[in-house]
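Enquirer: Sharing a structure below in structure tokens format, with a few things to ask.
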Ligand SMILES: [Zn+2]
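Numbering (this note's numbering), first residue to last: 13 to 290.
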């Protein structure tokens, strides 16, 4: 009887111990599972961060690429201001575009107001000639410098801004300058003035009867091949075609994803006769 009782107690103890061991194993397994899942989770987060980082990097580099790949176009108007300057400014304002005006020296309040408006609206007021007479200004360095200083003084007086950007009447490669344009380039360098020619043109100065479509077609002959592209147009009171062509031109350039900018000292020099002193 006693033996029987001892045997039963022993068996009960054994069962208890087995249950206890089972519980211990289950706890160990649970902890292991928890650790494995934490590890996997951490790995997934790290992987996600890496992917996000790569995607961000790619997005940034493609954005930089897009910005740098945009063609830079500079719209320039020579020989103004004129009675159409205000209309040109209005179109530029509406399209939120800045341009460059290579102006002539005109005295009087009407012109002073036009010079001022060009500056106030954020465009570049640049020099062309006080007196647009090739034979006179290109006769000697003395004539040339006298003409340019007169223009620079006038523009500074009327606008408070001293212009330092210049375009040779007829361009630096014009056939009137003899024996060489280099003497004038030397003078410009001494005065800290930078000259710009062009590498696309509407031909509005050659034929005042060209339609807006023809003017823009002329520009588009060269523009796709040039970057940066400096476009030559004219602000002349005897032809309205340039004004009519301007809005369609800007819309077309925007559709081509071009960046339209005013010329500044930072603009790469487009020069028909290179400035070898620089
Ligand atoms: Zn001119």
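Just so it is clear, CB atoms sit at the ideal spot from N, CA and C, and this is done for glycine as well.
Any heavy atom of ligand 1 inside 7 Å of the beta-carbon of residue 301?
Expert: Summary: the structure shown does not reach residue 301, with the chain confined to residues 13 through 290, and so no result is reported for it.
Enquirer: Measuring only the C-alpha atoms, how far is residue 142 from residue 275?
Expert: Roughly 20 Å separates the two Cα atoms.
Enquirer: Count the other CB atoms, across all protein chains shown, that sit within 10 Å of the CB of residue 126; report buried if there are 16 or more and exposed otherwise.
Expert: Result: buried.
Enquirer: Can you name, in chain order, every residue of its own chain whose Cβ lies under 6 Å from the Cβ of residue 285, other than the five neighbours on each side?
Expert: Closer than 6 Å at the Cβ level, and outside the excluded window around residue 285, lie 184, 185 and 193.
Enquirer: At a cut of 8 Å, does the segment 236-254 reach the segment 210-217 through at least three beta carbon pairs?
Expert: The segment 236-254 is in contact with the segment 210-217.
Enquirer: Helix, strand or coil, according to DSSP, for residue 145 in the structure here?
Expert: If DSSP states are grouped into helix, strand and coil, residue 145 belongs with coil.
Enquirer: Tell me which residue opens and which closes the alpha helix (DSSP H) that residue 89 is part of.
Expert: No alpha helix (DSSP H) holds residue 89; the beta strand (DSSP E) holding it covers 84-92.
Enquirer: Beta-carbon within less than 8 Å of residue 206's beta-carbon, same chain only, minus the 5 sequence neighbours each way: which residues are those?
Expert: Cβ within range, chain order: 176, 177, 178, 200, 277 and 281.
Enquirer: Rank 257, 290 and 271 by C-alpha distance to the C-alpha of residue 103 and give the top, closest one.
Expert: Of the listed residues, the one whose Cα sits closest to residue 103 is 257.
Enquirer: Helix, strand or coil, according to DSSP, for residue 207 in the structure here?
Expert: Three-state DSSP puts residue 207 in a strand.
Enquirer: For residue 139, which three-state DSSP category applies?
Expert: Three-state result, residue 139: strand.
Enquirer: Nearer than 7 Å: is that true of the beta carbon of residue 144 relative to any heavy atom of ligand 1?
Expert: Within the cutoff, so yes.
Enquirer: Can you name the start and end residues of the beta strand (DSSP E) that residue 246 belongs to?
Expert: Run containing residue 246: 241-246, per the beta strand (DSSP E) assignment.
Enquirer: For a quick check, are the C-beta atoms of residue 7 and residue 112 less than 8 Å apart?
Expert: The question about residue 7 has no answer here: the residues shown for the chain are numbered 13 through 290.
Enquirer: Which term fits residue 236, buried or exposed, when burial requires 16 or more other beta carbons within 10 angstroms of its beta carbon?
Expert: It is exposed - the Cβ of residue 236 has fewer than 16 other Cβ atoms within 10 Å.
Enquirer: Between 133, 109 and 140, which lies nearest to residue 118 when the distance is taken from Cα to Cα?
Expert: When each option's Cα is compared against that of residue 118, the closest is 140.
Enquirer: Rounded to whole angstroms, what's the CA-CA distance from residue 106 to residue 190? Just pull it up for me.
Expert: Each residue's Cα considered, the two are about 43 Å apart.
Enquirer: So what's residue 213 in DSSP terms, helix, strand or just coil?
Expert: Three-state DSSP puts residue 213 in a strand.
Enquirer: Taking 7 Å as the cut-off, is the C-beta of residue 181 nearer than that to any heavy atom in ligand 1?
Expert: For ligand 1, at least one heavy atom lies less than 7 Å from the Cβ of residue 181.
Enquirer: Where does residue 189 sit, in a helix, a strand or coil, going by DSSP?
Expert: The answer is coil: DSSP assigns residue 189 none of H, G, I, E or B.
Enquirer: Apply the 10 Å Cβ neighbour rule to residue 91 and answer buried if 16 or more other Cβ atoms are within range, or exposed otherwise.
Expert: Residue 91 should be labelled buried.
Enquirer: Check the DSSP bridge columns for residue 113 and list the partner residues they point to.
Expert: Paired residue(s): 89 and 137.
Enquirer: Hey, would you say residue 270 sits closer than 8 Å to residue 83, going by beta carbons?
Expert: Yes. Within cutoff.
Enquirer: Leaving out five residues on either side along the sequence, give the residues of the same chain with a beta carbon under 8 Å from the beta carbon of residue 155.
Expert: Cβ within range, chain order: 148 and 149.
Enquirer: State yes or no: is the C-beta of residue 216 within less than 8 Å of the C-beta of residue 254?
Expert: Yes, the pair counts as a contact, with Cβ atoms nearer than the cut-off.
Enquirer: Quick check on this structure: which residue in 287, 169 and 248 has the alpha carbon closest to the alpha carbon of residue 1?
Expert: The displayed coordinates of the chain run from 13 to 290. Any statement about residue 1 would go beyond what the structure contains.
Enquirer: In or out: residue 289 buried (at least 16 other Cβ within 10 Å) or exposed?
Expert: Residue 289 is exposed by the Cβ-count criterion.
Enquirer: In the structure shown, what three-state DSSP assignment does residue 277 receive?
Expert: Residue state, collapsed to three classes: coil.
Enquirer: For residue 90, verify whether its CB is less than 7 Å away from any heavy atom of ligand 1.
Expert: Correct: residue 90 has its Cβ closer than 7 Å to ligand 1.
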